[in-house]
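Participant: Below is the structure I would like to discuss, written out as structure tokens.
Spelled out as structure tokens, the structure:
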């Protein structure tokens, strides 16, 4: 199970994020990529993993805080912001001994 969420300031209003795959039922760590473009032409890119495991609903406040921190590095102004978060399912416990 893989889930990818893409959010951008250029998406139509009210559309929200593009979600591909099935959302994880449990809390998982997300691999995250940010892209911020500033008015003076600089581009900030960063890839990281979330520190804490989170559900889909909990991911948005985490992303807002991370983008605010990156925005402060960029001078507080941005012409374009996008982020992509990807999660892979947690490992299943094999109850009948071994993998098949």
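In the working numbering, the protein residues as written are 1321 to 1420.
Where is the CB? At the ideal position from N, CA and C, for every residue including glycine.
#1: If I measure Cβ to Cβ from residue 1407 and keep anything under 6 angstroms in the same chain, skipping five residues before and after, which residues do I get?
#2: Taking 8 angstroms as the cut-off, does the segment 1331-1340 touch the segment 1356-1368 (at least 3 CB pairs, one atom from each stretch)?
#3: I'd like to know whether the C-beta atoms of residue 1346 and residue 1370 end up nearer to each other than 9 angstroms.
#4: Below 8 angstroms on the Cβ atoms is my guess for residue 1358 versus residue 1399; work out the distance and round it to an integer in Å.
#5: Look at the alpha carbon of residue 1405 and the alpha carbon of residue 1394, and state the distance between them as a whole number of angstroms.
Facilitator: Checking against the coordinates, here is how it stands:
#1: 1323, 1344, 1348 and 1350
#2: no
#3: no
#4: 7 angstroms
#5: 21 angstroms
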